[in-house]
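Input: a single structure, listed below in structure tokens.
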Amino acid sequence: GTILVAPATSASAAAMTEQMTLRGTLKGHNGWVTQIATTPQFPDMILSASRDKTIIMWKLTRDETNYGIPQRALRGHSHFVSDVVISSDGQFALSGSWDGTL
Numbered sequence: 001g002t003i004l005v006a007p008a009t010s011a012s013a014a015a016m017t018e019q020m021t022l023r024g025t026l027k028g029h030n031g032w033v034t035q036i037a038t039t040p041q042f043p044d045m046i047l048s049a050s051r052d053k054t055i056i057m058w059k060l061t062r063d064e065t066n067y068g069i070p071q072r073a074l075r076g077h078s079h080f081v082s083d084v085v086i087s088s089d090g091q092f093a094l095s096g097s098w099d100g101t102l
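Per UniProt numbering, numbering of the sequence shown is gapless, rising by one per residue and ending at 102.
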């Protein structure tokens, strides 16, 4: 799976769509990426869920050749991970899977 990284340059959704530029890709999953989650408390962190049964925690970077580093792969589901969210304080994540577990 691949995640495309593009910086947000405007608060307006319409303006943001017109001004987004692809910065790079994050590669780490072996299946489709099904969901990503972010939080304002940690703007350089992304969680991604995948059909490879994992969640990856990414640290975004600002250099020209590397756009993100996988910090940790979270495993535990026995089927596709379809959803992931981050708590409002950024301290917890919750994932949902086709295996029927959270």
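No residue lacks a Cβ here, since even glycine has one placed at the ideal position from N, Cα and C.
Cβ-Cβ separation between Trp-32 and Ser-48: approximately 11 Å, too far for a contact (criterion under 8 Å). In terms of Cα proximity to Gln-91, the closest of Leu-26, Phe-42 and Gln-71 is Phe-42. A Cβ-Cβ contact shorter than 7 Å links Ile-56 with Pro-70. Bridge partners of Pro-70 according to DSSP: Trp-58. Rounded to whole angstroms, the separation of the alpha carbons of Met-20 and Val-84 is 24 Å.
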